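Okay, so here's the structure we're looking at.
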Amino acid sequence: MAALVVSADGKVESLTPINPRGEPRFTAFAVSPDGSRLALDGMVAGTTGLTANSTRVYAVVTRRGQNPYLTKRVIELDAATGRQLRVLLELSHDHSLTTGWNASSLALDPSGQLLMVSDAGADYYRVDLGSGQTCRLPTAVNRGNPNGLAW
């Protein structure tokens, strides 16, 4: 979980990882000095990504379904209102086969048009943010567990 604070003009003021009691956790992200790049740790209770112009937030959210199944969704949110705009990708897993609750990573390409998603290091997906089309990518990594993604 994370606490997202957005100013009235729609700019993100802070994104702080928190535990279920609302207390801050260790840092799960780093922002470049000019604010144009955001690096995220996908191993920390969910993953979020922010567009360079701070208008959209992308997040991986996980729900436990019929035990032991987990459903992960990659969602798009309006940064100014926090309103969910769409579900970009939905995946279901037997929890015993995954490396963790939310062990997925996101990375936005420099143009802000494509989103790369690592699904617990097992599969990789490219999402075209304009059309919403998703493509599963072939990978040489067989059940690996990368710590992050980058373009």
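Our numbering puts the last residue of the sequence shown at 208; the count rises by one with no breaks. A virtual CB, placed ideally from N, CA and C, is assigned to each residue, including glycine. Predicted model only: the values in this text are computed from it and were never measured.
Where residue i sits in the DSSP three-state scheme
i      : result
Ser188 : coil
Ser168 : coil
Arg130 : strand
Thr84  : Legend: pLDDT at Thr84 = 44, less than 50; position of this residue unreliable, value from coordinates given subsequently. Coil at Thr84, not helix or strand.
Ala137 : coil
Candidates the options: closest to residue i by CA position
i      : options                        : result
Asp180 : Leu186, Ser188, Arg193         : Arg193
Ser168 : Asp185, Asp176, Val174, Glu147 : Asp185
Unbroken beta strand (DSSP E) run spanning residue i, endpoints
i      : result
Asp176 : 171-176
Residues of its chain near residue i, where Cβ-Cβ distance is below 7 Å and the 5 sequence neighbours each way are ignored
i      : result
Arg140 : Leu134
Pair within 8 Å by beta-carbon distance, residue i and residue j
i      : j      : result
Gly189 : Leu145 : yes
Leu172 : Leu163 : yes
Val118 : Arg130 : yes
Cβ shell of residue i (< 6 Å), same chain only, five flanking positions each side left out
i      : result
Thr112 : Ala136
Thr191 : Leu146, Tyr182, Val184
Pro195 : none
8 Å CB neighbourhood of residue i in its chain, flanking five on each side removed
i      : result
Gly187 : Gln170
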